[in-house]
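Heads up: the protein sequence lines correspond to chains A and B, in order.
Heads up: the first sequence begins at 163 in the numbering used here, then just goes up one per residue.
Heads up: the second sequence begins at 19 in the numbering used here, then just goes up one per residue.
Built from N, CA and C at the ideal position, the CB exists for glycine as well.
Read through the structure below, which is laid out as structure tokens, and then see the notes.
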Amino acid sequence: MQNILKYYIISLLCLSGVYNVNAQAVKQNSDSVFKAAFRGLRVDIDVVPIASGFIYKGERFGYEAGVYADLKRKYFPAIEVGFAGADKNSSEGVQFSTSGIYSRVGVDFNLIKPKKDQLPSTNIFFAGARIGFSPFSYSYTNLMVQNDYWGSSILQNIEGINTTKVWFEVVAGMRVEVLKNIYMGWTVRNKKLLGTDIPGEFQPWFIPGFGVKGEGTAWGVNYTIGYKF
Amino acid sequence: MVNCKFQNIFFVLITVILVGCTSTEECREDRTVKLKIGIYTKSTPTDKAFTIDSVWVNGLENDSFLYQNSKTITTLKFPLNATRNQSDFICRFNNITDTVSVFYTNNNAYFISLACGTITAHTIDEVISTNHFIDSVRIVQRLIINVDAEHIKILHN
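Structural data, given as structure tokens:
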């Protein structure tokens, strides 16, 4: 019985040793594959809000930055974060206000194929996709309902409505290395809000990161300056 | 360098297009919320609207007429009082007078859009009437919003 137990323990130790050696080999292998694929991190800052803040006369504002991993100059996993808001008056005096953070995650694919036996260019022309979400709150004030026949009027303020909106984006754009490790470029986005509205419920006029809600689709553009580490 | 120039032109074009596409916030929707009544004969309550030669209607305790000797009427539209849960209407059909009382629940915050604001939506609880010209009243659609839909049927003998 003791012999069997001894044999069993020795077998286990041997097996775990083999497994350990295999696991280390796999880890080292995947590390080296990742190191070979990883070509750096690019940090972009969007400068469009500076211009759009001026165009919209402070009606809307936003700040946005993104981090993009460069894998083989082919795939660019992306995380974008921002803070945006709006203060808007309708022609009938209804006031809307909101502000909040937002984030998008997704990936870009470089559409420029390198020539045979050549390194891929540092400039990229890409297409990609994102999932965006924003938890935020918004208010409508000075809502007036009047009834001429009965002579009634009701004034309401609906404040601090909390919600989270999620949307999907298809993106395309380019980045050009204008100086060593300094990139400039643009991204155009087509956004589609996910989920359905319930008739009569207060819906936000503006969603941070998405823009004006409208019928649930929106276009966006970024013009970025970035640095690659 | 050429790339940069192309980029800048493209960027300006896109910005102009996107800014040009932004909407001005003007309400383009009808915000009228009225109880819509179809008038039918008792024998054909589903398909044939009944035409009345002369209609006079005013709200109870309101001297202003909603209909004043109106001719060839097949439907009536009544505004409900959003500050109360009951509105009463004095209706004179071809010189025969009835009173229609509508009981309802108000939702003063039925949102349309930033441009249009809110409306008061009503949910009909009950409709009763006197029975001189009117035989009976049927509720077809309880929710009254800014959509042109028939809410109740008045059946005439």
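- Residue-level contact by beta carbon holds for Leu132(B) and chain A, with a gap shorter than 7 Å.
- By the 16-neighbour rule on beta-carbons within 10 angstroms, Gly220(A) is exposed.
- The straight-line gap separating the alpha-carbon atoms of Asn124(B) and Arg266(A) is approximately 40 Å.
- For Thr138(B), the closest of Ser88(B), Phe83(B), Leu53(B), Asn112(B) by C-alpha to C-alpha distance is Leu53(B).
- Taking the CA atoms as reference points, Ala248(A) sits about 39 Å from Phe96(B).
- Close to chain A, meaning a Cβ-Cβ distance shorter than 8 Å, are the following residues of the stretch 79-95 of chain B: Asn80, Ser82, Leu84.
- DSSP, reduced to helix, strand and coil, places Ala291(A) within a strand of the structure shown.
- Following the DSSP letters along the chain, one finds Val256(A) in no beta strand (DSSP E), marked with neither H nor E.
- Contact between the stretch 253-267 of chain A and the stretch 339-348 of chain A is absent: fewer than three C-beta pairs spanning the two stretches fall below 8 Å.
- Within the stretch 133-150 of chain B, Ala133, Cys134, Gly135, Thr136, Ile137, Thr138, Ala139 place their CB atoms closer than 9 Å to a CB of chain A, listed in sequence order.
- The beta carbon of Glu47(B) does not come within 7 Å of any beta carbon belonging to chain A, so the residue lies off that interface.
- Taking all protein chains shown into account, Thr386(A) has 16 or more neighbouring C-beta atoms within 10 Å of its C-beta and is therefore buried.
- Look at Glu168(B): its C-beta is not under 7 Å from any C-beta on chain A.
- Secondary structure of Ala167(B) (DSSP, three-state): coil.
- Within chain B, the residues whose beta carbon sits less than 7 Å from that of Glu363(A) are Phe129, listed in sequence order.
- Of all residues in the stretch 237-267 of chain A, only Lys250, Ser252, Ser253, Glu254, Val256, Phe258 place a beta-carbon less than 7 Å from a beta-carbon of chain B.
- Between Gly255(A) and Asp270(A) the beta-carbon gap is near 43 Å, outside 8 Å, which marks them as no contact.
- For Val51(B), there is no enclosing alpha helix (DSSP H), as DSSP marks it with neither H nor E.
- Within 10 angstroms of the beta-carbon of Asp232(A) lie 16 or more other beta-carbons, which makes it buried.
- Between Tyr230(A) and Pro211(A), the CB-CB gap reaches or exceeds 7 Å.
- Judged by DSSP secondary structure, Val210(A) falls within the alpha helix (DSSP H) whose first and last residues are 210-217.
- Look at the beta carbons and you see the stretch 329-337 of chain A touching the stretch 352-363 of chain A: at least three pairs across the two are nearer than 8 Å.
- Contact residues of the stretch 341-364 of chain A toward chain B are Met346, Gly347, Trp348, Val350, Pro361, Gly362, Glu363, Phe364 (C-beta to C-beta distance below 9 Å).
- In the structure shown, the three-state DSSP call for Ala248(A) is strand.
- Proximity to Val120(B) across Asn87(B), Ile146(B), Leu173(B) peaks at Ile146(B), based on C-alpha coordinates.
- If you ignore the 5 residues before and after Ile152(B), its C-beta comes within less than 6 Å of the C-beta of Asp116, Ile172, all in its own chain and listed in chain order.
- Counting every other CB atom within 10 Å of its CB across the protein chains shown gives Asp208(A) a total of 16 or more, marking it as buried.
- When DSSP states are grouped into helix, strand and coil, Ala100(B) belongs to the coil group.
- Between the stretch 272-284 of chain A and the stretch 311-319 of chain A, the count of Cβ pairs shorter than 8 Å is below three; the stretches do not touch.
- For a cut-off of 8 Å, the C-beta gap from Arg49(B) to Trp74(B) is around 27 Å, too long to register as a contact.
- Residue pairing by DSSP places Ile130(B) in no beta bridge whatsoever.
- Chain order gives no chain B residues near Trp329(A), where near means a beta carbon separation below 8 Å; the closest approach is about 17 Å.
- Annotation: the continuous beta strand (DSSP E) that includes Phe223(A) extends over 222-233.
- Thr141(B) counts as exposed, since fewer than 16 other C-beta atoms from the protein chains shown sit within 10 angstroms of its C-beta.
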